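A.B. asks:
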Amino acid sequence: KIGTEKAIDTLIAVLNDEGMDLVVRLRVADVLGKIGVEKTIDALIAVLKDEDMDSDVRGSAANALGKIDTEKAIDPLIEVLNDDDMVKYIRRSAANALGKIGAEKAIDPLIAVLNDEDMDSDVRQSAAKALCKIGTEKAIDPLIEVLNDDDMVKYIRRSAADALGEAGTEKAIDALVAVLEDEDMDRYVRKSATDALGKIFKKLKEWKQDNLFDRIYSLKFDNDLKNSLITQIKDVTARRFIKITFQNKNQ
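Per our numbering, residue 1 is the first one in the sequence shown, and the count goes up by one each step.
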């Protein structure tokens, strides 16, 4: 059986066997993550920290640790995230794993990555998504700052908008609306802001939904994006949509 002591030892041996087919080793890392016992955790952490190990295998070990959701992996993952000499794939995997584990201890390191202008954009995107998954107020504020930063590259701003939408926080509404109203803003960033508002709308109480709809309805921004957002709202409000639309037309 997969979870027996003997089977785990065999899987760990395969994971560490540099002569073994890479695809097999990657699958083994995933299996060890699903087993998630102390012995597999230690083995995956050892692989993650092994500088001579194949980078794909180390990245898979990081992903597996994220699935296990163990506090024991937090410090090693943060070390990898902070290592400027580490290849970006492993750092991205570390950021993703920290987001899945949801460790508040990881918030400050992730914020540092998000704000590091010299950092690879893919790693920064992963940091944004990880902060969203952690979801505390401390994680939300930096995402709003990134969204508001005119000097930030558009891909990171899109990731911030996406993350805020996934988090579903009302705190982000003003910043997202400001993006919609900014005619000079990259269209794809505005599209991400549109979708984010649609996701936040779903989580609001009815009276708050009505207030947000009033606000959106009165905005003047790209017709296609506005129609897209109103369609999302219509899907949420169903019959109530007719009432709130009629109220706005008669104001």
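Where a beta carbon is used, it is the ideal one built from N, C-alpha and C, also for glycine.
The structure presented is a predicted model; accordingly, all values stated were derived computationally and were not measured.
1) Alanine 73: which of Asn115, Ile216, Leu26 and Asn96 sits nearest, CA to CA?
2) Could you give the first and the last residue of the continuous alpha helix (DSSP H) run that contains glutamate 166?
3) Around the C-beta of lysine 105, are 16 or more other C-beta atoms found within 10 angstroms, so that it is buried, or is it exposed?
4) Less than 8 Å between the C-beta atoms of leucine 65 and glycine 19, yes or no?
5) Which runs of the alpha helix (DSSP H) spanning at least 4 residues fall entirely within the stretch 52 to 100, listed in chain order?
6) Give the range of the alpha helix (DSSP H) segment to which lysine 6 is assigned.
7) If you run the structure through DSSP and keep just helix, strand and coil, what is alanine 29?
8) So is alanine 13 buried or exposed if we call it buried at 16+ other beta carbons inside 10 Å?
9) Since I believe arginine 190 is in contact with leucine 164 (beta carbons under 8 Å), could you give me their beta-carbon distance rounded to a whole number of angstroms?
10) Work out the CA separation of arginine 91 and aspartate 214 for me, nearest whole Å.
11) Just curious, the alpha helix (DSSP H) that leucine 114 is in, first and last residue?
12) To the nearest angstrom, report how far apart valine 80 and alanine 94 are at their CA atoms.
13) For my contact list, alanine 103 and valine 113 are in at a C-beta cut-off of 8 Å; report their separation, rounded to the angstrom.
14) Would you say glycine 99 and alanine 61 are within 8 Å of each other, going by their C-beta atoms?
15) So, helix, strand or coil for valine 177, using DSSP?
16) From this set, Glu181, Cys132 and Ala161, which residue's C-alpha is nearest glycine 198's C-alpha?
17) Between lysine 49 and arginine 240, what straight-line distance do the alpha-carbon atoms span, to the nearest angstrom?
18) Since I believe isoleucine 134 is in contact with isoleucine 107 (beta carbons under 8 Å), could you give me their beta-carbon distance rounded to a whole number of angstroms?
19) For valine 177, which residues in the same chain have their Cβ closer than 6 Å to its Cβ, ignoring the five residues on either side in sequence?
20) Rounding to the nearest angstrom, what Cα-Cα distance links glutamate 5 and isoleucine 156 in this structure?
21) The alpha helix (DSSP H) that contains phenylalanine 201, what's its start and end?
22) Over the uninterrupted alpha helix (DSSP H) stretch that includes glutamate 38, give me the two end residues.
23) Starting from lysine 129, follow the alpha helix (DSSP H) in both directions and report where the run begins and ends.
24) Expressed to the nearest angstrom, what Euclidean distance is found between the alpha-carbon atoms of glycine 36 and isoleucine 68?
25) Might you give, ordered along the chain, the residues of its own chain that have their beta carbon closer than 6 Å to the beta carbon of alanine 196, omitting 5 neighbours on each side?
26) What residue range does the alpha helix (DSSP H) around lysine 171 cover?
C.D. replies: Walking through what the data contain:
1) Translated into the one-based positions of the sequence shown, residue 73 becomes position 73. For alanine 73, the closest C-alpha among the options Asn115, Ile216, Leu26 and Asn96 is that of Asn96.
2) For the purposes of this step, residue 166 is taken as the residue at position 166 of the sequence shown. Here the alpha helix (DSSP H) through glutamate 166 covers 154 to 167.
3) In the sequence shown, the residue the question calls residue 105 occupies position 105. Around the beta carbon of lysine 105, fewer than 16 other beta carbons sit within 10 angstroms, so the residue counts as exposed.
4) One-based indexing of the sequence shown puts residue 65 at position 65. One-based indexing of the sequence shown puts residue 19 at position 19. For leucine 65 and glycine 19, no; Cβs fall outside 8 Å.
5) Counting whole runs of 4 or more residues, the stretch 52 to 100 contains the alpha helix (DSSP H) stretches 55 to 68 and 74 to 82.
6) Here residue 6 corresponds to residue number 6 of the sequence shown, with the count starting at 1. Following the DSSP letters along the chain, one finds lysine 6 inside the alpha helix (DSSP H) bounded by residues 5 to 15.
7) Stepping through the sequence shown from its first residue, residue 29 is reached at position 29. Looking at alanine 29 - three-state DSSP - the assignment turns out to be helix.
8) Numbered from 1 along the sequence shown, position 13 holds the residue referred to as residue 13. Within 10 angstroms of the beta-carbon of alanine 13 lie fewer than 16 other beta-carbons, which makes it exposed.
9) The count along the sequence shown starts at 1 and reaches residue 164 at position 164. The count along the sequence shown starts at 1 and reaches residue 190 at position 190. About 14 Å separates the two Cβ atoms, so there is no contact after all.
10) Against the sequence shown, residue 214 aligns to sequence position 214. Against the sequence shown, residue 91 aligns to sequence position 91. One C-alpha to the other measures close to 43 Å.
11) By 1-based counting over the sequence shown, the position of residue 114 is 114. Run containing leucine 114: 107 to 114, per the alpha helix (DSSP H) assignment.
12) Here residue 80 refers to the residue found at position 80 of the sequence shown. Here residue 94 refers to the residue found at position 94 of the sequence shown. Taken atom to atom, the span from the alpha-carbon of valine 80 to that of alanine 94 is near 7 Å.
13) Locating residue 103 in the sequence shown gives position 103, counting from the first residue. Locating residue 113 in the sequence shown gives position 113, counting from the first residue. About 14 Å; that fails the 8 Å criterion.
14) Residue mapping note: residue 99 aligns to position 99 of the sequence shown, counting from 1. Residue mapping note: residue 61 aligns to position 61 of the sequence shown, counting from 1. Going by C-beta atoms, glycine 99 is not nearer than 8 Å to alanine 61.
15) Translated into positions along the sequence shown, residue 177 becomes position 177. Annotated three-state conformation of valine 177 is helix, per DSSP.
16) On the sequence shown, residue 198 is found 198 positions in, with the first residue counted as 1. Cα-wise, what sits closest to glycine 198 is Ala161.
17) Residue 49 sits at position 49 when you count from the first residue of the sequence shown. Residue 240 sits at position 240 when you count from the first residue of the sequence shown. Looking at the two C-alpha atoms, the distance is approximately 55 Å.
18) Position 107 of the sequence shown holds residue 107. Position 134 of the sequence shown holds residue 134. Yes, they are in contact, since the Cβ atoms of isoleucine 107 and isoleucine 134 sit about 6 Å apart, within 8 Å.
19) Sequence index remark: in the sequence shown, residue 177 carries index 177 (1-based). Closer than 6 Å at the Cβ level, and outside the excluded window around valine 177, lies no residue.
20) The sequence position of residue 5 within the sequence shown is 5, counting from 1. The sequence position of residue 156 within the sequence shown is 156, counting from 1. Taking the straight line joining both Cα atoms gives about 44 Å.
21) Position 201 of the sequence shown holds residue 201. According to the DSSP assignment, phenylalanine 201 belongs to the alpha helix (DSSP H) that extends over 187 to 203.
22) Here residue 38 refers to the residue found at position 38 when the sequence shown is read from its first residue. Looking at the DSSP string, the run of the alpha helix (DSSP H) that includes glutamate 38 is 38 to 49.
23) Reading the sequence shown from its first residue, position 129 is the one you call residue 129. Boundaries of the alpha helix (DSSP H) around lysine 129: 121 to 134.
24) Residue 36 sits at position 36 when you count from the first residue of the sequence shown. Residue 68 sits at position 68 when you count from the first residue of the sequence shown. If I take the Cα positions, the gap works out to 5 Å.
25) Indexing the sequence shown from 1 puts residue 196 at position 196. The residues are Ala161, Leu164, Gly165 and Leu176.
26) Taking the sequence shown and counting its residues from 1, one reaches residue 171 at position 171. Looking at the DSSP string, lysine 171 is not in any alpha helix (DSSP H), and its letter there is neither H nor E.
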